[in-house]
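Report on the following structure.
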RNA sequence: GCGCCCGUAGCUCAGUUGGAUAGAGCGGGAGACUUCUAAUCUCUAGGUCGGGGGUUCGAAUCCCUCCGGGCGUGCCA
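Pasting the structure below:
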């Protein structure tokens, strides 16, 4: 088995909310220490202090269960401990918190002063896109994803890995890492030969010759399209060439066409790779004329003492690292396994100085994870490879499963899907579910321009804000020539004005303002968690919650009002919401339209 | 057989690594446009968190076991 690892999260530094959290933690720890020093609390070891955000807003902004945790060791009732700590905290946190209460079995609930809550508005507006960003970690991370065999069009599952890998890359970048996106092209295997043979057979058919189609050939219509393009461009002369010559030539032609398809489709959805890595280069002789990378990779494992020969084959002792069985690198017939190339490939990655490599593979490859982790460990980089297993996509159309046949090659390609639903909806739906969950994708729903569609729900919130900003500038609300970001930044609200926000709790308007302020403040933590868990779906959930908080605010609070202070405060709040919505969508790779 | 993933409202799914009365959207029921976009909002119904044990102040979450579903278990790629 392998444990899912969540390496240390980058430290967030620029975010007031996290500082609030640290301030509270520090205050609670100090109270705890004081109580122990005074002999009021009998604890040998101090428990870890942590405040959390209660689900129920009536429990305040933050809460801690420290009294419950300490109760047993201290030999005192939790409520008694809580009362004692709360008394000290009220003094220590005067100015930050307006209420500190003991509730339930012994929770300490903390309600922040309103100006501390409202402070998020100016923090967001001054930081802009950097809000929620982590300090530069100095860590170089590579995300390798899609990595399809270049033998056909992208399928819908590839689209999901693309959205996932790119969004994880964006999130890690925002959290402070330096990230590279890489596509590993499996262009060396026998499937390329089969692909060439399939194109060759179609070419001969088109040129009017008899041709037996290969048993396990690729039967999709795209193969014929490629053959036709070659025929149109180069004529029927290849029918006279030897099969080997023809297939060798067609292989490269077809390969080039598929690569163009891949880059075009991926670029069309906003995914651009830094490196396209060809598997062939691993088999080719070294640039210095020395041994091929694949041989050098094996040599390294040998030096490390993990190889042995058995029944004419060369094996890697992956069981030393917890794998179920040992794995063959070089077969008895002298050829290399796919795994051998992958060892060389990963050795190359770490030679490039990467600190962490994240591979995204389809669910059908999960049996391969342990051996790859073992190899990376044997190469001297234990724990520096992380494999994310992406589950498949089931396509639905109005509740009906869209059937696809691998045998006949009939399928809805990812490009078809993009054409039909658009890049925004496709990406958003792919990212909406946790990665280890198979995804049901309803084409009808993704296309729907209604409240049923969460993409539009979130984008609409952004568009609404832009409309308000246009109006506040005295322009027509539909005038797209207005620079809404400039209008937003020209708005200024002093702290007295901001203190108006949420000043009437209990009213629809007051609660809506407070709800929106609190939601904005959560963003840095959401980014941190999404980064640590490689979980973009945390951001779709957040984006929908933020959009919901904004729509409530919009319904209950007129922004462009006569009172200049209230108007400025609400305008600033709307502007901050615009910035965070756009940032959240940006991390998902989804556009934030200014008008819908 | 063994390994991994999953099982939460009628449906699709969240649940911040053990916290307070388990949440959201859709679907069902009832309402709100003379306003900065109704692609919106408000209220309501709906649960044995697959079953059973255990750990503890406290379990959807951790452990054991059983049931059910998916995937993997090549000298394929």
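In my numbering, the protein residues as written are 55 to 650.
Beta carbons are placed, not taken as given, at the ideal position from N, Cα and C, and that holds for glycine.
Option nearest residue 287 by Cα separation, candidates 297, 307, 273: With respect to the C-alpha of residue 287, the residue from 297, 307, 273 having the closest C-alpha is 307.
Residue 203 (DSSP reduced to helix, strand or coil): Under the three-state reduction of DSSP output, residue 203 falls in the coil class, being neither helix nor strand.
Separation of residue 363 from residue 384, as counted between CA atoms: Going by the C-alpha atoms only, they are around 9 Å apart.
8 Å Cβ shell around residue 589 - same chain, five flanking residues per side excluded: So the qualifying residues of the chain are 488, 489, 583.
Residue environment, residue 184, which counts as buried when at least 16 other CB atoms sit within 10 Å: It is exposed - the Cβ of residue 184 has fewer than 16 other Cβ atoms within 10 Å.
Burial state of residue 530, where buried means 16 or more other Cβ atoms lie within 10 Å: Residue 530 is exposed by the Cβ-count criterion.
Own chain, CB closer than 7 Å to residue 137, minus 5 neighbours either side, in chain order: Hits under 7 Å: 156.
Cβ neighbour criterion (16 or more within 10 Å) applied to residue 616: Residue 616 is exposed by the Cβ-count criterion.
Contact belief for residue 635 with residue 516 at Cβ below 8 Å, rounded distance in angstroms: Contact between residue 635 and residue 516 holds: their C-beta atoms lie close to 5 Å from each other, under 8 Å.
7 Å Cβ shell around residue 425 - same chain, five flanking residues per side excluded: Hits under 7 Å: 372, 377, 381, 393.
Reduced DSSP category for residue 438 - H, G, I as helix; E, B as strand; rest coil: Residue 438 falls in the coil class under three-state DSSP.
Close Cβ partners of residue 648 (< 8 Å) along its chain, the five nearest in sequence each way excluded: Here residue 648 has 516, 517, 520, 534, 538 as same chain residues with Cβ atoms under 8 Å from its own Cβ, once five neighbours each way along the sequence are excluded.
CB of residue 167 within 8 Å of CB of residue 152, strictly: Against a cut-off of 8 Å, the Cβ pair of residue 152 and residue 167 comes out as a contact.
Continuous beta strand (DSSP E) stretch holding residue 332: start and end: Here the beta strand (DSSP E) through residue 332 covers 329 to 332.
Minimum C-alpha distance to residue 268 - residue among 494, 255, 217: It is 255 whose Cα lies nearest to the Cα of residue 268.
Buried/exposed call for residue 403, threshold 16 Cβ in 10 Å: With 16 or more other Cβ atoms within 10 Å, it is buried.
For residue 197 and residue 575, believed in contact at Cβ under 8 Å, the rounded distance: By a beta-carbon distance limit of 8 Å, residue 575 does not contact residue 197. Their separation comes to about 29 Å.
Runs of alpha helix (DSSP H) wholly within the segment 507 to 583 (minimum 4 residues, chain order): DSSP runs (the alpha helix (DSSP H)) wholly in the segment 507 to 583: 508 to 526, 538 to 544, 549 to 552.
CB of residue 601 within 8 Å of CB of residue 511, strictly: Yes. Within cutoff.
Whole-number beta carbon distance between residue 132 and residue 121, since they are thought to touch under 8 Å: Yes, residue 121 and residue 132 are in contact; Cβ-Cβ is about 5 Å, under 8 Å.
C-alpha gap between residue 417 and residue 238, whole angstroms: Their backbone Cα atoms lie some 17 Å apart in a straight line.
Coarse secondary structure for residue 356, derived from DSSP in three states: Helix, per DSSP.
N-terminal and C-terminal residue of the alpha helix (DSSP H) that residue 405 is part of: Residue 405 -> alpha helix (DSSP H) spans 392 to 405.
CB contact flag (residue 449, residue 495, <8 Å): Going by C-beta atoms, residue 449 is nearer than 8 Å to residue 495.
Rounded C-alpha distance that separates residue 348 from residue 414: In a straight line, the C-alpha of residue 348 is about 22 Å away from that of residue 414.
Contact check, residue 641 vs residue 224, beta carbons under 8 Å: Yes, they are a contact pair.
Burial state of residue 513, where buried means 16 or more other Cβ atoms lie within 10 Å: The residue is buried, with at least 16 neighbouring Cβ atoms inside 10 Å.
Beta-carbon contacts of residue 628 that lie in its chain and below 6 Å, excluding the five residues immediately before and after: 519, 522, 613.
Residue 312 beta carbon less than 8 Å from that of residue 246: In this structure, residue 312 does not lie closer than 8 Å to residue 246 by Cβ.
Beta strand (DSSP E) segment containing residue 238, residue limits: Counted as a single uninterrupted DSSP element, the beta strand (DSSP E) harbouring residue 238 occupies residues 232 to 239.
Bridge partners - residue 467, DSSP secondary structure assignment: Residue 467 pairs with 209.
Residue closest to residue 161, alpha-carbon to alpha-carbon, out of 170, 193, 103, 149: The candidate whose alpha carbon is nearest that of residue 161 is 103.
Segment contact, 8 Å Cβ cut-off, at least three pairs: the segment 289 to 309 with the segment 324 to 331: With a cut-off of 8 Å on Cβ pairs, the segment 289 to 309 is not in contact with the segment 324 to 331, counting fewer than three such pairs.
Reduced DSSP category for residue 646 - H, G, I as helix; E, B as strand; rest coil: Coil, per DSSP.
Residue 94 (DSSP reduced to helix, strand or coil): Here residue 94 sits in coil by DSSP.
Alpha helix (DSSP H) segment containing residue 145, residue limits: Run containing residue 145: 132 to 146, per the alpha helix (DSSP H) assignment.
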